[in-house]
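Encoded as structure tokens, the structure appears first; notes follow it.
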Amino acid sequence: MAKKKDVKVNINYDFCKKCEICVRICPTNVFALRSDGYPEVVHEEECIDCGLCQTHCPDFAVWIQHNEEEIEHPMWDYLRRENQPSVWCPGCGIGIIFQSLLRQIKVQGIPKDKIAFVSGIGCTGRMPGYADFNTIHTTHGRALAFATGIKLANPELKVIAVLGDGDGLAIGGNHLIHAARRNIDITAILVNNFNYGMTGGQVSPTTPEDSYTTTSPYGQLEPFFDTAKLAIGAGANFVGRATTYHVPIMDKLIKEALSTKGFSLVEVLSHCPTYYGRLNHIPSPFDMLNWQKKMVTRKDEEGKYKIGVLHKGDRVSLTERIEELKKRAKNGK
Amino acid sequence: MKIELYQGNEAVAYGALRAGVSFYGGYPITPSSEIAEIMARELPKRDGVFIQMEDEISSLAACIGARIAGRKSMTATSGPGFSLMQEHVGYAAMAEVPVVIVDAMRGGPSTGLPTRTSQGDIMQARWGTHGDHAVVALMPSTVEEAFYLTIDAVNISERLRLPAVVLTDEILSHMREKVVVDREVEIWEREPEIKKGERYFPFDDDNVYGTGIIPFGKGQRYHITGLVHRKDGFPSNDPEVAKKNLDRFKKKIEDNIDLLTDIEFYNTDDAEVLYVGVGTAARAVKEVVDVLRKRGIKIGLFRPKIVWPFPGHELKKFDGKVSHVIVPELNQGQLVQEVERHFKTSMVSRLNRYDGELFTFDELLNGTLNIIKS
Ligand SMILES: Cc1ncc(C[n+]2csc(CCOP(=O)(O)OP(=O)(O)O)c2C)c(N)n1
Ligand SMILES: [Mg+2]
Numbered sequence: 002m003a004k005k006k007d008v009k010v011n012i013n014y015d016f017c018k019k020c021e022i023c024v025r026i027c028p029t030n031v032f033a034l035r036s037d038g039y040p041e042v043v044h045e046e047e048c049i050d051c052g053l054c055q056t057h058c059p060d061f062a063v064w065i066q067h068n069e070e071e072i073e074h075p076m077w078d079y080l081r082r083e084n085q086p087s088v089w090c091p092g093c094g095i096g097i098i099f100q101s102l103l104r105q106i107k108v109q110g111i112p113k114d115k116i117a118f119v120s121g122i123g124c125t126g127r128m129p130g131y132a133d134f135n136t137i138h139t140t141h142g143r144a145l146a147f148a149t150g151i152k153l154a155n156p157e158l159k160v161i162a163v164l165g166d167g168d169g170l171a172i173g174g175n176h177l178i179h180a181a182r183r184n185i186d187i188t189a190i191l192v193n194n195f196n197y198g199m200t201g202g203q204v205s206p207t208t209p210e211d212s213y214t215t216t217s218p219y220g221q222l223e224p225f226f227d228t229a230k231l232a233i234g235a236g237a238n239f240v241g242r243a244t245t246y247h248v249p250i251m252d253k254l255i256k257e258a259l260s261t262k263g264f265s266l267v268e269v270l271s272h273c274p275t276y277y278g279r280l281n282h283i284p285s286p287f288d289m290l291n292w293q294k295k296m297v298t299r300k301d302e303e304g305k306y307k308i309g310v311l312h313k314g315d316r317v318s319l320t321e322r323i324e325e326l327k328k329r330a331k332n333g334k
Numbered sequence: 009m010k011i012e013l014y015q016g017n018e019a020v021a022y023g024a025l026r027a028g029v030s031f032y033g034g035y036p037i038t039p040s041s042e043i044a045e046i047m048a049r050e051l052p053k054r055d056g057v058f059i060q061m062e063d064e065i066s067s068l069a070a071c072i073g074a075r076i077a078g079r080k081s082m083t084a085t086s087g088p089g090f091s092l093m094q095e096h097v098g099y100a101a102m103a104e105v106p107v108v109i110v111d112a113m114r115g116g117p118s119t120g121l122p123t124r125t126s127q128g129d130i131m132q133a134r135w136g137t138h139g140d141h142a143v144v145a146l147m148p149s150t151v152e153e154a155f156y157l158t159i160d161a162v163n164i165s166e167r168l169r170l171p172a173v174v175l176t177d178e179i180l181s182h183m184r185e186k187v188v189v190d191r192e193v194e195i196w197e198r199e200p201e202i203k204k205g206e207r208y209f210p211f212d213d214d215n216v217y218g219t220g221i222i223p224f225g226k227g228q229r230y231h232i233t234g235l236v237h238r239k240d241g242f243p244s245n246d247p248e249v250a251k252k253n254l255d256r257f258k259k260k261i262e263d264n265i266d267l268l269t270d271i272e273f274y275n276t277d278d279a280e281v282l283y284v285g286v287g288t289a290a291r292a293v294k295e296v297v298d299v300l301r302k303r304g305i306k307i308g309l310f311r312p313k314i315v316w317p318f319p320g321h322e323l324k325k326f327d328g329k330v331s332h333v334i335v336p337e338l339n340q341g342q343l344v345q346e347v348e349r350h351f352k353t354s355m356v357s358r359l360n361r362y363d364g365e366l367f368t369f370d371e372l373l374n375g376t377l378n379i380i381k382s
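Right, dumping it as structure tokens:
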């Protein structure tokens, strides 16, 4: 049988964690599961080059090769490969978001030396350790405070911060509000996995009402934060929301965020199969991706998360205002 | 000779500028606020950056961030803010990022006595953050010293890549004295040179003191974390790495003890009674020394200007040579606990005041005479 597309599907078994996402997400059954739990390419000729296996592999283990040059994963040069595999559980959504971010940095051609990549503490906070940029893993909740100092000290740096939902909205909520209010040139990506992953699945400010975590064993009583509304209200210049299922939307939002002047925030609803998923009866990574599909809307629907671009503003950024201030101060005004 | 009449807070601010500080992130608090106000006015004129952050946690975070991005940084606060900063004092120590924190001490605990003086943060400056760590604390007792010790603090923190604390207090912050501002000072400025093709190990033993730090954006894409880390900056749980990491902090201090020893010896050569005093509490002590000397009592003052690391190696030379050691402090007795460790035969006594006021001359004189007589 003739190949549908002239491509090769590769698996890096050193990086693979057997999460099965590729096997289950492929619309043409290119993969099969081996008895040892690893995926295997069995029907390469069926590949339609949709890219789902590649973009949804949290561990940079699967990629589609189109020519002789692409012998490594497209993000290969952006990874600190010696630190792979990551600490993240098999199938964790954080890796999917990480890949999307790297892809957009590559697409935009931002030099690696010019990127300052900042995080707080949590599973999400481990992201910078795997990226070949100037990276700093700070304290829980304070990524944006460190990022603010970095950006102000050297405006030439492209400053990107990743936040967890506890990190960015509970302990660090104040810094998020003030970074947005200042409208400082920072792109923040908030990984909302609905719970505290790193510490064992405790309740977070984004945990949906009535759902279970290790510290809401009877169901969460409190309402959750609408991250996007919070950031818009505080003054961010760009706000969007995607999920780990909706990778093309996430790509587009991150791309726009990176080219926004002023503060930009992309909230990504992510799946935490190990804790949130297990405690709420959706334990498989792939089922969690499908669950996300049902939770969101592109329109305004009560009880659903709206995804896509949620706000675009044109306030002057703090970075621009400071440069202007320096000129005035030197002239004694 | 150029002389200025500075308030203590002005001296700190201008000292910092002289030392090359070009970033200030802070949150207002009495009695330190004038430092922020001066920095807000002066930094933009000099291509520097001032930012008022949303709290003290973020203030110190922003300073550490700014230093990593290439600017010498400082923040100033008082007790309540210093308490909030503690997590990042530890971060700066662990990540070996130079940064200067000025703590203008006021009465505590909690909101305490906002407009009154105290030396209640001496122990917090040493052990405020969790874990074994390296930190340096300097304690000026005059406005001129506030100027020069702030410069020293910046230099030391840069040189040893650690947080340095300048402990002033409400009285010093707000009193005016003359300052000779053009004394010659060395400003420590260095950046490691990495040969092409060689890798930069920012946490290699050879790279953590005396070499400076390569800021972000200059082609060395390294990693910084508050976790225990290897010489390349990446985290590790290896017990050997953990021990090495912490040993270095200790060694940083031990190997540089000469640089970190700064003591005023006032009439100590033949002393039979020795005061150990710091900061503004030591001011009236000197007057008492002068008066008691006239009465024939051989008394002197040992005044560390750098309190942490505490110069025990110098102080213990007085053990047995003096009959009495007296530690006057504006707290219930903090430094005295450190002093006691260094005396086996001489008797150590304390004089304390903690109502927000400075010692009066009479109080010190009578307190001293009572101790000597007993
Ligand atoms: C000051 C402080 N408090 C608590 C912790 C413990 N802690 C580590 S990560 C974390 C929560 C992580 O949850 P989230 O921010 O949602 O990130 P995730 O792990 O889910 O990506 C907590 C509470 C800490 N490291 N520091
Ligand atoms: Mg989380």
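Protein chains in written order, with the numbering used here: chain A, 2 to 334; chain B, 9 to 382. No residue lacks a Cβ here, since even glycine has one placed at the ideal position from N, Cα and C.
Residue from the options with nearest C-alpha to residue i
i, options, result
"B/A84", "B/H350, B/D63, B/A142 and B/I222", "B/D63"
"B/P336", "B/N378, B/P312, B/Y283 and B/V162", "B/Y283"
"B/D255", "B/V110, B/R238 and B/L157", "B/R238"
"A/G165", "A/G304, A/T140 and A/Q105", "A/T140"
"A/E21", "A/E83, A/V8 and A/Q55", "A/Q55"
"A/V63", "A/C17, A/I250 and A/I185", "A/C17"
"B/Y22", "B/L92, B/E152 and B/G128", "B/E152"
"B/E192", "B/D213, B/D212, B/E365 and B/I159", "B/I159"
"A/S36", "A/Y277, A/L158 and A/K19", "A/K19"
"B/P52", "A/N184, A/K327 and A/D50", "A/K327"
"B/V144", "B/F273, B/H138, B/G234 and B/K260", "B/K260"
"B/Y230", "A/S285, A/L231 and A/D114", "A/D114"
"B/R198", "B/F209, B/I179 and B/L168", "B/L168"
"A/D7", "A/D15, A/E47 and A/L222", "A/E47"
Within chain A, partners of residue i - CB distance below 7 Å
i, result
"B/P52", "L326, K327 and A330"
"B/D212", "Here the premise fails: no neighbours, minimum Cβ distance about 17 Å."
"B/E95", "T140"
"B/N178", "The residue asked about is misnamed: residue 178 of chain B is Glu in this sequence, not Asn. Those do not exist, as B/E178 stays about 28 Å from chain A at its closest Cβ, beyond 7 Å."
Chain-ordered chain B contacts of residue i [CB-CB under 8 Å]
i, result
"A/D133", "R229"
"A/I151", "G73, A74, I76, A77 and F224"
"A/E157", "G225"
"A/P129", "H231"
"A/A189", "Simply none; closest approach about 14 Å."
Closer than 9 Å to chain A by CB, residue i
i, result
"B/S81", "yes"
"B/S66", "yes"
"B/F31", "yes"
"B/D140", "no"
"B/A19", "no"
"B/M183", "no"
"B/A133", "no"
"B/A69", "yes"
"B/A27", "no"
Interface residues of chain B facing residue i [CB-CB closer than 7 Å]
i, result
"A/I323", "V57"
"A/P312", "In the sequence as presented, Pro is not what sits at residue 312 of chain A; that position holds His. What A/H312 touches in chain B: nothing, since even the nearest Cβ is about 22 Å away."
Min CB distance residue i to chain B below 9 Å
i, result
"A/M2", "In this predicted model, A/M2 has a pLDDT of only 47, less than 50, meaning its place in the structure is not dependable enough to derive any value."
"A/D7", "no"
"A/P40", "no"
"A/K115", "yes"
"A/N11", "no"
Partner residues on chain A for residue i, Cβ-Cβ distance less than 8 Å
i, result
"B/D99", "According to the sequence displayed, residue 99 of chain B carries Tyr and not Asp. Near B/Y99 (Cβ distances below 8 Å), the residues of chain A are T139 and T140."
"B/A250", "Those within 8 Å of B/A250 in chain A number zero; the least Cβ separation is about 17 Å."
"B/M61", "A146, T149 and H179"
Neighbouring residues, chain A, relative to residue i (Cβ below 9 Å)
i, result
"B/R44", "The amino acid at residue 44 of chain B is misidentified as Arg; the sequence shows Ala. The premise fails here: B/A44 is roughly 15 Å from chain A at the closest Cβ pair, so nothing lies under 9 Å."
"B/A84", "Residues of chain A passing the Cβ test: none, with the nearest at roughly 15 Å."
"B/M47", "Result: empty, since nearest Cβ-Cβ is about 12 Å, beyond 9 Å."
"B/A289", "Residues of chain A passing the Cβ test: none, with the nearest at roughly 34 Å."
With 8 Å as the limit, tell me which residues of the stretch 233-247 of chain B have their beta carbon closer than that to any beta carbon of chain C; keep them in chain order. The structure shown contains no chain C; the protein chains it does contain are A and B.
For a minimum of 3 consecutive residues, which ranges assigned as the beta strand (DSSP E) are wholly contained in the stretch 291-320 of chain A? 309-313
Could you pull out every unbroken beta strand (DSSP E) segment of at least 3 residues lying fully inside the stretch 136-219 of chain B, listed in chain order? Secondary structure in the stretch 136-219 of chain B: the beta strand (DSSP E) runs of 3 residues or longer, each lying completely within the stretch, are 144-146, 171-177 and 184-188 in chain order.
I'd like the ranges of any beta strand (DSSP E) spanning at least 3 consecutive residues and lying wholly in the stretch 47-88 of chain A. 63-66
Segments assigned beta strand (DSSP E), at least 3 residues, entirely inside the stretch 256-283 of chain A: 265-270
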